[in-house]
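**Q** Residue numbers (this note's numbering): 4 to 130.
I'd like to ask you about the structure that follows.
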Amino acid sequence: QDRVRNKIKELERMGNNMTQKDKNVLTILEVANEMYARAIKFLPVDLYESDAVRFQITPQGIRPPLNALQGLGTAAAQNMVDARKHGEFLSVEELRVRAKVSKSVIEILQKHGCLKGLPESNQLTLF
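Below, the structure written as structure tokens:
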């Protein structure tokens, strides 16, 4: 919460020198700050729990959709939601094949911790 407030102050000090991107970030940070003030929590994006495109309100907080991750498009998000209906993924490799997503989508999911505990491949090591 302090990081959000500090960034808001930093952007506000820029005044008229703010770019459009800075203004957009400021708006998002103001909403986030309001959420913190009201004790509303953001949950992490989850491979199995997040919707493809809609935010979900749960008793624990608000869970962003898969396509909220920068660089992860709506088609890839929907493919993952459709693929998970057929059961859990056994590996990152299986996720990529079943959901028909690119390696860059896999990297985005890994970067955001969505694939924790999921092995890279289905192959078992016996020794």
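Virtual Cβ for every residue (Gly too), placed ideally from N, Cα, C.
Since this is a predicted model, take the numbers as computed values, not measurements.
Kindly indicate the opening and closing residues of the alpha helix (DSSP H) around T30.
**A** For the purposes of this step, residue 30 is taken as the residue at position 27 of the sequence shown. Looking at the DSSP string, the run of the alpha helix (DSSP H) that includes T30 is 23-40.
**Q** Please state whether the Cβ-Cβ distance between I65 and I43 is less than 9 Å.
**A** As a working mapping, residue 65 is identified with position 62 in the sequence shown. As a working mapping, residue 43 is identified with position 40 in the sequence shown. Going by C-beta atoms, I65 is nearer than 9 Å to I43.
**Q** Helix, strand or coil: how does DSSP classify R66 here?
**A** One-based indexing of the sequence shown puts residue 66 at position 63. If DSSP states are grouped into helix, strand and coil, R66 belongs with the strands.
**Q** Closer than 8 Å by C-beta to G116: which residues in its own chain qualify, once you throw out the five before and the five after it? Chain order, please.
**A** For the purposes of this step, residue 116 is identified with residue 113 of the sequence shown, where counting begins at 1. Excluding residues within five positions, the ones whose Cβ falls inside 8 Å are P47.
**Q** Counting pairs of Cβ atoms below 8 Å between the segment 79-88 and the segment 97-112, do you hit three or more?
**A** A contact exists between the segment 79-88 and the segment 97-112.
**Q** Please classify F92: is it buried, with 16 or more other beta-carbons within 10 angstroms of its beta-carbon, or exposed?
**A** Locating residue 92 in the sequence shown gives position 89, counting from the first residue. It counts as buried.
**Q** Should V108 be labelled buried (16 or more other beta-carbon atoms within 10 Å of its own) or exposed?
**A** Stepping through the sequence shown from its first residue, residue 108 is reached at position 105. By the neighbour-count rule (16 or more Cβ atoms within 10 Å), V108 is buried.
**Q** Leaving out five residues before and five after G76 in sequence, what residues of the same chain have Cβ atoms less than 7 Å from its Cβ?
**A** The count along the sequence shown starts at 1 and reaches residue 76 at position 73. Around G76: N70.
**Q** I need the boundaries of the alpha helix (DSSP H) containing Q73, first residue and last residue.
**A** Residue numbering aside, residue 73 sits at position 70 when the sequence shown is read from its first letter. From DSSP, Q73 is part of no alpha helix (DSSP H); its letter is neither H nor E.
**Q** Using alpha carbons as the reference points, say which of S105, S53, G74 lies closest to E96.
**A** Reading the sequence shown from its first residue, position 93 is the one you call residue 96. Out of S105, S53, G74, S105 has the C-alpha closest to the C-alpha of E96.
**Q** Given a cut-off of 9 Å on the beta-carbon distance, is the pair A35 and F45 in contact?
**A** For the purposes of this step, residue 35 is taken as residue 32 along the sequence shown, with counting starting at 1. For the purposes of this step, residue 45 is taken as residue 42 along the sequence shown, with counting starting at 1. Contact: yes.
**Q** Just to confirm the assignment, what range does the alpha helix (DSSP H) spanning I11 have?
**A** Locating residue 11 in the sequence shown gives position 8, where the first residue counts as 1. Counting along the chain, the alpha helix (DSSP H) containing I11 begins and ends at 5-17.
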